[in-house]
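The next block holds one structure in the form of structure tokens; read it before the comments.
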Amino acid sequence: MRTPFAGSWRTALRVARREIVRARGRSALVVAMIAVPVCGLGYAAATYDMFTPTPAERATRILGAADARIQAHPPGPILQDVTGDRWRPAQDGVHEGGTAPGEDEILAQLPPGSRVVPSSAATPDLRTATGGLAAADATAMDLTDPIHVGLVTLLDGRAPAAPDEVAMSPAARERFGDTIQDVDGDRTWTVVGTVEFPGDLGEKLVFAPGGLPGAAAPQDWLVDTPEPVVWADVRALNQAGLAVTSRAVLLDPPDAAEVPLAADEEETFSLVPVVVGLAILEIVLLAGPAFAVGARRRQRSLALVAANGGTRAHLRRMVLADGVLLGLAGAATGLILAVLLAVVTRPFAEQFAGARAGGYRFNPPLLAGIVVFAVVTGLLAAAVPAVAAARADVVPALAGRRGVLRTRRRWPAAGLLLVAVGAAVATGGANVAQPPVIAGGLAVAQIGLVLCTPTLLGVIARFGAVLPPAPRIALRDTARNRAASAPAISAVMAAVAGTVAIGVYLAGTDARERENYTASLPAGHIGVAFGLGFDVYRDDTPAKVRAALTEAAPGATVTEIREPVCPHDRTSTSCHLYAGRPDANVCPGEEHPPGTRAEVDALAADPRCADSHLSRTHINPLFIRAVGDRDSVVALTGASGAELEAAMAVLDRGGAIVADPFAIVDGRVTLGVFAPPDTNREIVVPGYLMPGAGTDIISEGAVRRAGFATAVTGMVAAGDEAPDVAVIDRLDAALTDAGSRTSYVERGPADDSEPLLYLLAAASALITLGAAAVATGLAAADGRADLTTLAAVGAAPGVRRMLSLSQSGVIAGLGSALGVVAGIGSGFAVLAATNLSRAAQWPQPTPYPLTVPWLNLLIVAVVPLVAMAGAGLLTRSRLPIERWRPS
11 MRTPFAGSWR TALRVARREI VRARGRSALV VAMIAVPVCG LGYAAATYDM
61 FTPTPAERAT RILGAADARI QAHPPGPILQ DVTGDRWRPA QDGVHEGGTA
111 PGEDEILAQL PPGSRVVPSS AATPDLRTAT GGLAAADATA MDLTDPIHVG
161 LVTLLDGRAP AAPDEVAMSP AARERFGDTI QDVDGDRTWT VVGTVEFPGD
211 LGEKLVFAPG GLPGAAAPQD WLVDTPEPVV WADVRALNQA GLAVTSRAVL
261 LDPPDAAEVP LAADEEETFS LVPVVVGLAI LEIVLLAGPA FAVGARRRQR
311 SLALVAANGG TRAHLRRMVL ADGVLLGLAG AATGLILAVL LAVVTRPFAE
361 QFAGARAGGY RFNPPLLAGI VVFAVVTGLL AAAVPAVAAA RADVVPALAG
411 RRGVLRTRRR WPAAGLLLVA VGAAVATGGA NVAQPPVIAG GLAVAQIGLV
461 LCTPTLLGVI ARFGAVLPPA PRIALRDTAR NRAASAPAIS AVMAAVAGTV
511 AIGVYLAGTD ARERENYTAS LPAGHIGVAF GLGFDVYRDD TPAKVRAALT
561 EAAPGATVTE IREPVCPHDR TSTSCHLYAG RPDANVCPGE EHPPGTRAEV
611 DALAADPRCA DSHLSRTHIN PLFIRAVGDR DSVVALTGAS GAELEAAMAV
661 LDRGGAIVAD PFAIVDGRVT LGVFAPPDTN REIVVPGYLM PGAGTDIISE
711 GAVRRAGFAT AVTGMVAAGD EAPDVAVIDR LDAALTDAGS RTSYVERGPA
761 DDSEPLLYLL AAASALITLG AAAVATGLAA ADGRADLTTL AAVGAAPGVR
811 RMLSLSQSGV IAGLGSALGV VAGIGSGFAV LAATNLSRAA QWPQPTPYPL
861 TVPWLNLLIV AVVPLVAMAG AGLLTRSRLP IERWRPS
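Sequential numbering from 11 applies to the sequence shown in this note's numbering.
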């Protein structure tokens, strides 16, 4: 039996289909606005599914065709996690001085009929194709053994069989060439095959058994057993000091209560709910203008329906039916593009991820969820225009009049209230680290800004009286036709807010990495520390190192670095001086770790713990301490001008330069004197604070007071920029020949997010330009009748161009300004929530600074001008003269 409700929807869908066919341009625009984000979500979902290995694939990449992998440790019971990656002795001290079991002992622990295949790994230094030297990630294994199937794949050639043969991955072959040598050139290996590890596409080398240089006795075996190795077997093998990675356990993990050692999983704060929630809102705001303009262009036909007995519910359903059909069309288009894009870009994604995808697979339930998401998005985007169309006055609509829309005072008041409530909710969600609450608060705040938009248009329109005719008409028309212009501004706001919010997050991440980083040398400098006292060190080592640095960095200033050494043995650096803190300046958390959140907060607020509680990405300087003169101070710190003169004045008085402010008390530093086998003692010298210095620099006078001698232990080449990898490889080869250690190049913190910031800035510009162009086009289409009127009263042809230019400026400018406010607020809320989610940890991770992405904001500031210029150039000057046609 057909119900009136179903019949009403069937009629609404039929009318919507007819309108979609009639207005193909607007329909294609809405489909594109929905299809683009659906394509992005579908691509992310498909790619994630392809690159997330199943338990069976993960086990094969770890074990090949083996049933288990066993790692031997000194005998004694151990505890391990499910994967065998983490283990520890069951009792402290039980493994001290023990010897790991060998192959026979391992076979004795396994069922009869088992076999074990040894695997040796090492990172030897090998000569590269350019004559340099580089560490290689190498393994010795018999590739002809079927137990390695799935672990490594032979792409071409053959498996290495002799001790002088090797197989390489494509990345390693590009760096090392077809023939490699060891450091001394005594051994040579010929490349006979190309291999690939599906789980790691980096530089990998495979030697024949016994051919890997520097490999220790095997302590890692792949095991083939008659029966699967279950968790009970793993626990039994643990009693003999064997850590086990079992295929059966990976496929069917035991209950957490049965695992004595939990996996090392860091609790992370998930931003997925925040991103998804804001994405839904921004897609709704992007698609909303098209539905609003469509409803306004159909207002006469909708008024005819109302005049012939149609209810408000009928009118709402007719507009909402657009959202259903266009949402389905956008979902279908977006998913098809997503799947095609995922398939086509899989090779590029594999190179980016550094691993092979598991296969071409797609998750139907997840893709179906994306379809539902698209339909719901279409309905939400059409909801406000549907309600507005249902409440429209029938008589003016039938007469073709639009009237002047005046914003009721309750709307801006409600908008400001929603902004305040949304900000409070987002802040509260950040305090309790609840992503759904944060997303809800930010969405409410953005909706509040949308409600304030019509009032802002009315305020801005008041300034039109002082403008020329075309901008004045544009402002007046934008303010009068707020039903179309407000959604258009909201669309630009949504585009800008999303990219600015991501820019805030990336800028905060980049600032956090820079704050974490402690440089050893000024940027671009090359440092070399000698193997002083080792067999490789020779009398001519310093001269050869200087020559190698001069060749690698032509024109660079090479400075010798001296360190304190024992007076009775100038090749021993066991005698040294160190700048320490007085007991009163030591962070209390070093001796007594906090146990409660209140104690963590107290330590975090203690300035003495400002460095000790923060995570650091580089805390091991190349030179721990150095004996300073003017040249070495410049080479190690890059100091100049007044700072250099002040530092040298302290050194001339027998003092020391330190980077720790709490090591200096009343302008003096306490130096600990360590001279085995004597007991420690202390001397007090003048101190100079140089924040950021990677090395403590001690004066010659302080070294003499301590009773030590000095010796050249390294060199620094002060260049303008860091050389490339090939140059450094050749330098390391020359240093090895000179009897020195490898070089260190100060490149500063990794700039992983900077390219993303530039890419995001470009994406922000394109999205904002596109949204501004579309919104301006929709507004121009909605105001076509006004252009006809202007032509009829004798307006000049250039007025249309100036109108489009002015409309684009109003829409793009106001939308960009609101988007910046919403984006910065959203980004700050996310960063604050991330910081608070980790506030109870100790040592406490470095918090994300609340950083403004000025590059993105600069682009956003320029975009309205570009949008105006584009609108002015692409708009035809001829004003339309049209005959009125009934709808």
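Backbone N, C-alpha and C fix where the C-beta goes; we use that ideal spot for every residue, glycine too.
Membership of G537 in any alpha helix (DSSP H) is not indicated; the residue belongs instead to the beta strand (DSSP E) covering 536 to 540. The DSSP assignment places complete beta strand (DSSP E) segments of no fewer than 3 residues inside the segment 161 to 185 at 163 to 167, 175 to 178, in order along the chain. For I674, DSSP records a beta bridge to V679. The three-state secondary structure of T465, taken from DSSP, is helix. A residue is called buried once 16 or more other Cβ atoms fall within 10 Å of its Cβ, and H578, having fewer, is exposed.
Per the Cβ contact rule, the segment 41 to 52 is in contact with the segment 343 to 362 (3 or more Cβ pairs under 8 Å).
If you ignore the 5 residues before and after M658, its C-beta comes within less than 8 Å of the C-beta of R640, V643, all in its own chain and listed in chain order. Inclusion of L745 and L632 in the CB contact set at 8 Å is not warranted, their separation being larger than that value. The beta carbons of I88 and G340 sit about 56 Å from each other, so the pair does not count as a contact at 8 Å. When the beta-carbon positions are compared, L336 and V40 come within less than 8 Å of each other.
Beta bridge pairing from DSSP links P574 with T720. The continuous beta strand (DSSP E) containing F217 extends over residues 215 to 217. Under the 10 Å beta carbon count, S818 is surrounded by 16 or more other beta carbons and is classified as buried. Under the three-state reduction of DSSP, H158 is assigned to helix.
By the criterion of a C-beta distance shorter than 8 Å, L23 is surrounded in its chain by A331, V334, L335, once the five residues flanking it on both sides are discounted.
DSSP, reduced to helix, strand and coil, places Q101 outside both helices and strands of the structure shown, so it counts as coil. Contiguous alpha helix (DSSP H) elements confined to the segment 589 to 671 occur at 607 to 615, 640 to 647, 651 to 662, taking only those with 4 or more residues. As DSSP reads the structure, P128 sits in a beta bridge with W231.
Only residues of its own chain outside the window of five on either side were considered, and among them G74, A75, A76, V127, L232, D234 have a CB closer than 8 Å to the CB of I157, listed in chain order. Taking the Cα positions, S584 is about 13 Å away from T723. Listed in chain order, the alpha helix (DSSP H) elements of length 4 or more contained wholly in the segment 471 to 513 are 479 to 490. G368 is bridged by DSSP to nothing; it lacks a bridge partner.
In terms of Cβ geometry, A359 and A56 do not form a close pair [threshold 8 Å]. When C-alpha distances from P236 are compared across D194, L117, V538, M503, the shortest belongs to L117. With contacts defined by Cβ atoms closer than 8 Å, D166 and G209 do not form a contacting pair. Among the bridge pairs identified by DSSP, V254 is matched with I80. By the 16-neighbour rule on beta-carbons within 10 angstroms, S650 is exposed. DSSP, read as helix, strand or coil, puts D114 in helix.
Put simply, the backbone Cα of G221 is about 32 Å away from that of A258.
Distance from G729 to A529 at the Cβ level is roughly 15 Å; contact not present, criterion being Cβ atoms closer than 8 Å.
Counting C-beta atoms within 10 angstroms of its own C-beta, A608 has fewer than 16 neighbours from the protein chains shown and is therefore classed as exposed.
Per DSSP, reduced to three states, the secondary structure at M725 is strand. The three-state secondary structure of Q249, taken from DSSP, is coil. For T204, the enclosing beta strand (DSSP E) stretches over residues 198 to 206. Per DSSP, the continuous beta strand (DSSP E) segment holding G697 begins and ends at 691 to 699. Note that the C-beta distance between V201 and D192 is not below 8 Å.
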